[in-house]
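Residue numbers (numbering that gives the first Met the number 0), protein chains in the order written: chain A, 0 to 150; chain B, 0 to 459.
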Amino acid sequence: MADRVQRCLEPGLSILVGTVDPHGMPACCRGIAIASSDRLETLTVYLPVATSQEAIRNIALTKRIAVAASHPVDHCSTQMKGTTIETRLAHDEESAHVQRALDAFASTLDRIGVPRQLTRTVAHWPAFAVTMRVEDMFEQTPGPQAGCRLR
Amino acid sequence: MIVRPCDIWRCFQGVIPSIIATADRHGIPNVTYISQVHFVDERHVALSRQFFNKTSRNLDENPAASVEMIDPVTLQAYRLRLKFLRSEKSGPLFETMSMRIDAIASHTGMTGIFKLIAADVFEVQSAEMVDGFLTEPCRNEPAGVSLEGKRTEIRGLQWVSERINRATDLESLLASVLEALEEYFGFSHSAVLLYDESRQRLTTIASRGFGPSGIGAEVALGDGLIGTVAREQRLLRLPSLEADLRYGRAVRREAASGAGTLQAEIPLPGLPDAQSVLAIPLTVRTRLVGVIAAEDRDPMRFSEWDEAYLQVIANQIAFGLDHMIERADDINESAPPLEASAPPPVRPAVVSRRPPLRLTYYKSDDAIFVDDEYLIRNIPARILWKVLGESQRSGRTDFSNRELRVDTALGLPPVKDNLESRLILLRHRLQEKCPDLLIVPTGRGRFALRADAPLELIER
């Protein structure tokens with residue numbers, strides 16, 4: 000489990016975010032970075048302001064969120080589900096973390112054929128910082144184990 | 000900005016995986032990657048379901064879904080709001096989507112484990128560009144087929160047909176087809192594999208852009224990308240080869256951690272860093288003649304060509320090949336017996352000053368090695384061993400196709416024996432691996448053995 004927590008917080012990850020409105024209509028968007036200081040008991044995901052309006056609206060109404068962290072090269076993926084405990088605009092001192100995450104993601108994609116310069120054009124700042132309590136953690140690497148509960 | 004699904008066709012190539020969000024009846028969201036989003040029509044898309052357990056359960060409870068797709072050229076994102084309609088587990092849509100997954104599964108040694116469970120069909124309720132996704136404006140040129148494009152396609156067809164008609168023998172036909180594919184279509188790495196029904200295998204008989212080592216490479220019917228195309232007799236275009244293989248390998252790793260034995264991965268026959276593949280079956284009526292395979296380092300290389308159009312080109316090539324093979328058989332059958340023919344202009348079989356070439360025929364493997372390096376196997380190996388033995392015993396250097404056909408020990412099928420293509424393969428393998436020993440055509444249905452070094456023949 001410690002290894003999996005570590006892998007979820009490594010640089011270069013693809014971050015997927017799922018939310019839902021009060022009528023059950025789901026929405027997806029891409030996150031830029033994640034951070035956790037308590038071994039994924041809680042998790043902060045950074046969402047670009049430019050592209051996460053629907054997600055933020057859903058979170059404000061239902062507080063439900065799912066975050067999947069996936070390694071683009073080997074597809075090792077983990078999904079964390081839970082309840083949002085804070086939504087705020089990310090502070091200036093967090094911008095370096097978000098920028099590093101985007102740079103690492105660009106490097107990873109560059110290895111699999113997506114030019115680094117192209118990935119760097121993805122909007123990433125300003126960002127919302129959404130902190131969630133991780134209530135469930137699932138294996139999501141494609142294969143027969145996908146969907147199994149990790150925690 | 001609202002878009003039409005047909006406007007974002009590059010997103011459907013699967014180069015960058017799409018994501019899907021669903022929610023269960025309690026309003027708990029779920030988000031995951033999708034391996035394949037298939038464009039059905041302007042109002043419908045289909046998603047592949049392999050291991051979609053939670054997504055499938057959610058869709059049964061709540062048909063709403065949201066999908067985000069990315070254009071691999073511009074990186075612009077688009078979001079589709081979908082409503083789940085039905086799962087298809089058979090029929091044309093299922094077969095089309097299954098083909099791609101089966102090919103990847105076979106290539107990664109995952110046949111029967113990594114497979115399509117269903118093609119989930121959704122109604123597209125809205126499709127929008129994600130405004131602000133990129134900090135710089137995307138350069139998304141309009142798609143669509145212009146009149147000029149149609150004219151180009153007709154000219155391409157004419158070009159290939161002309162090359163086929165001009166060919167005088169099977170070898171020149173194969174070369175000119177690959178040349179035409181490169182000159183007119185820009186397929187610079189391509190190969191033709193001919194099907195041997197008696198062995199249920201395909202053998203690379205001609206290639207262009209891969210270097211000579213691809214000649215003679217074999218694949219069993221149903222194995223790997225090309226074997227799957229041959230078995231299904233359906234065109235396969237994988238613009239996302241690299242992504243699909245990574246996905247397949249991820250599944251393989253996960254499956255390997257459980258029980259069961261997995262087959263060895265079949266190496267790609269061409270470019271080690273291919274990003275996209277196009278494989279077209281060559282059929283005459285329902286009979287498989289072979290497969291044309293093309294590869295490229297550009298993931299979008301083959302996406303612009305309409306599949307129906309490529310199939311027409313393939314039909315031209317298949318008929319041309321089949322006709323040429325049959326004609327070669329006719330010519331060979333009408334060749335005069337050896338005694339009545341003029342002596343071929345070949346050099347003496349042995350030049351004693353060169354170090355001897357050691358050729359070893361391994362009976363159990365039905366293969367010939369030259370100085371410990373693999374040369375050829377199966378029927379072409381038996382042909383070479385026959386003529387080498389005869390040459391050593393009698394000093395004879397010229398041979399006829401007819402005498403090969405009547406020698407039952409060679410194991411040629413009684414009909415459609417593909418002798419001409421087997422001799423082409425043998426000639427190419429000798430040129431590549433053993434240039435001091437050549438098979439030279441000397442007339443209709445006749446060839447000569449030319450050795451520029453002493454030969455040492457060993458049978459084990």
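All C-beta atoms in this analysis are idealised placements derived from N, C-alpha and C, irrespective of residue type, glycine included.
None of these values were measured; they are calculated from a predicted model.
Approximately 19 Å separates the beta-carbon atoms of ILE457 of chain B and LEU425 of chain B; this is outside 8 Å, ruling out the contact. Among the residues of the stretch 128-144 of chain A, those with a Cβ less than 8 Å away from any Cβ of chain B are PHE137, GLN139, THR140, PRO141, GLY142, PRO143 and GLN144, in the order of the chain.
Put simply, the CB of GLY269 of chain B is far from chain A, with every gap to its CB atoms at 8 Å or more.
When C-beta distances to chain A are compared with 8 Å, the residues of the stretch 231-246 of chain B below that value are GLU241, ALA242, ARG245 and TYR246, in chain order. Fully enclosed alpha helix (DSSP H) runs of no fewer than 4 residues occupy 52-61 of the stretch 25-74 of chain A, in order along the chain. Our two residues, GLN98 of chain A and GLY215 of chain B, have alpha carbons roughly 51 Å apart in a direct line.
Within the same chain, Cβ atoms closer than 7 Å to the Cβ of VAL439 of chain B are found at VAL345, PHE446, ALA447 and ARG449, the five residues on either side in sequence being excluded. If you check the CB distance, ALA278 of chain B and VAL290 of chain B come in under 8 Å. For the pair of segments examined, the stretch 91-110 of chain B was found not to touch the stretch 66-75 of chain B: the number of CB pairs separated by less than 8 Å stays below three. The beta carbon of CYS7 of chain A sits no closer than 8 Å to any beta carbon of chain B. In the DSSP annotation of this structure, the continuous segment of the beta strand (DSSP E) that includes HIS37 of chain B starts and ends at 36-40. Between MET136 of chain A and THR41 of chain A, the C-beta gap is not smaller than 8 Å, which leaves the two residues out of contact. A Cβ of chain B is located within less than 8 Å of the beta carbon of MET24 of chain A. In this structure, B:GLU196 is the residue among B:LEU240, B:SER206 and B:GLU196 with its C-alpha nearest to the C-alpha of ARG230 of chain B. The beta carbon of LEU149 of chain A does not come within 8 Å of any beta carbon belonging to chain B, so the residue lies off that interface. Around the beta carbon of GLU127 of chain B, fewer than 16 other beta carbons sit within 10 angstroms, so the residue counts as exposed. Beta-bridge partners of SER65 of chain B (DSSP): B:ALA20 and B:ARG80. With 16 or more other CB atoms across the displayed protein chains lying within 10 angstroms of its CB, ASP119 of chain B is buried. Taken in chain order, the unbroken stretches of beta strand (DSSP E) that lie wholly in the stretch 185-217 of chain B and span 3 residues or more are 189-195 and 200-207.
Taking the C-beta atoms as reference points, PRO141 of chain A is found no nearer than 8 Å to ALA22 of chain B. Contact annotation, ALA76 of chain B with GLY17 of chain A: C-beta distance approximately 15 Å; criterion of less than 8 Å not satisfied. When secondary structure is reduced to three states using DSSP, PRO238 of chain B falls in the coil class, being assigned neither helix nor strand.
Distance from PRO453 of chain B to ARG353 of chain B at the Cβ level is roughly 7 Å; contact confirmed, criterion being Cβ atoms closer than 8 Å. Going by DSSP, ASN29 of chain B is part of the beta strand (DSSP E) stretching over 28-33. SER399 of chain B and ARG443 of chain B have their alpha carbons spaced roughly 9 Å apart. The beta carbon of SER275 of chain B sits no closer than 8 Å to any beta carbon of chain A. For LEU436 of chain B, the three-state secondary structure derived from DSSP is strand.
Measuring C-alpha to C-alpha distances from SER363 of chain B to each of B:ILE1, B:ARG381, B:SER89 and B:LYS114 identifies B:ARG381 as the nearest. Going by C-alpha positions, ILE7 of chain B is about 24 Å away from LEU46 of chain A.
PRO21 of chain A carries a coil assignment under DSSP once its states are collapsed to helix, strand and coil. A distance below 8 Å between beta-carbons, with the five flanking residues on each side excluded, links GLN199 of chain B to the following residues of its chain, in chain order: ALA219 and LEU220. Closer than 8 Å at the C-beta level to chain A, one finds these residues of the stretch 19-52 of chain B: ILE19, ALA20, THR21, ALA22, ARG24, GLY26, ILE27, PRO28, ASN29, VAL30, THR31, TYR32, SER34, GLN49, PHE50 and ASN52.
For GLN310 of chain B, same chain residues with a beta-carbon under 8 Å away, outside a window of 5 residues either side, are LEU234 and ILE279 in chain order. Every unbroken stretch of the alpha helix (DSSP H) spanning 4 or more residues and falling wholly within the stretch 376-407 of chain B is given here in chain order: 377-393 and 400-404. Taking 8 Å as the cut-off, the Cβ atoms of THR282 of chain B and VAL288 of chain B count as close.
Among the residues facing chain B, GLN78 of chain A is included, as its CB has a counterpart in that chain under 8 Å away.
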